[in-house]
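**Student:** Provided herewith is a single structure, encoded as structure tokens, for subsequent inquiry.
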Amino acid sequence: MISTYQLKSQWQQLLRPAAAWLYRIGVTANQITIGACLISVALGTMALTHPDRKYLFLLISFWCLLRMAANALDGMLAREYGQASKLGAVLNETGDVISDAALYLPFALVAGTQSWLVVAVVLLALLTEFAGVLSAALGGERACHGPMGKSDRALVFGIVGLLAGSGLPVAAFINELWLLVIVLLLLTIFNRVRAAAACKSEAR
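What the sequence shown shows, in my numbering, is residues 122 to 325, in sequence order.
Written out as structure tokens, the structure is:
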């Protein structure tokens, strides 16, 4: 299935000079991970408590792009500059789940949205990341199968945030969009669980 994850290598190539600069000035992968999570929680909390301030959804849209860059940079610093650690892996996985929930729950308050659909998206997003970790726990590589992985979700919510924050009407299609995201998340979970099951059979 097509996923933005397939563009990961090109994305990393663009960010490699930035990773080298961050390393030179002493920034660590864990600092980026924690900082990105804190910004996500702060921004999501503001949007959730002040849904009438549409500019906050514009900020979320912009931050979704920056967060994808931060996710790539912390991974590059860990792998290419000897900063990989068990603590870093834990921070990365938990930070992603917390950031997703914080940034995406405010969309339940977007005009025309059936809030339960967004809650379902957030819960299924959590399950996709759990399913992805299963492969690594069973001795394989961390599963990043799509079609609705972390970067794909960031793209969807970034676009919706841009539209909603700009005051453009989204009520005509928003619930159908969330339903589509839910279907794609279920397919993503299936793909990742299947990958984990293959690791388990090989381990036997």
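Glycine included, every Cβ here is placed at the ideal spot set by N, Cα and C. In this text, all values refer to a predicted model and were calculated from it rather than measured experimentally.
Indicate the three-state DSSP secondary structure (helix, strand or coil) for residue 325 in the structure shown.
**Tutor:** Below a pLDDT of 50, predicted positions are generally treated as unreliable, and residue 325, at 40, falls in that range; no measurement from the model is reported.
**Student:** Is the distance from the Cβ of residue 283 to the Cβ of residue 182 below 8 Å?
**Tutor:** Their beta carbons are under 8 Å apart, which means residue 283 touches residue 182 by this criterion.
**Student:** Under three-state DSSP, which class holds residue 133?
**Tutor:** Helix.
**Student:** Residue 239 and residue 226 look like a contact to me (Cβ under 8 Å); what is the Cβ gap, rounded to whole Å?
**Tutor:** With a Cβ gap of about 7 Å, residue 239 and residue 226 count as contacting.
**Student:** My guess is that residue 230 and residue 172 are in contact by the Cβ rule of under 8 Å, so how many angstroms apart are they, rounded?
**Tutor:** Yes, they are in contact, since the Cβ atoms of residue 230 and residue 172 sit about 4 Å apart, within 8 Å.
**Student:** Candidates 184, 196 and 180: which alpha carbon is nearest residue 130's?
**Tutor:** Residue 196 is the option with its Cα nearest to residue 130.
**Student:** Which residue comes first and which comes last in the alpha helix (DSSP H) that contains residue 166?
**Tutor:** Segment 150 to 170, the alpha helix (DSSP H) holding residue 166.
**Student:** Does the separation of the CB atoms of residue 301 and residue 268 fall below 8 Å?
**Tutor:** Against a cut-off of 8 Å, the Cβ pair of residue 268 and residue 301 comes out as no contact.
**Student:** Where do the ends of the alpha helix (DSSP H) carrying residue 216 lie?
**Tutor:** Looking at the DSSP string, the run of the alpha helix (DSSP H) that includes residue 216 is 207 to 225.
**Student:** Given residue 264, which residues of its chain have a CB within under 6 Å of its CB, disregarding the five upstream and five downstream residues?
**Tutor:** If we look at residue 264 and ignore the five residues flanking it on each side, its Cβ neighbours are 253, 256, 313 and 316.
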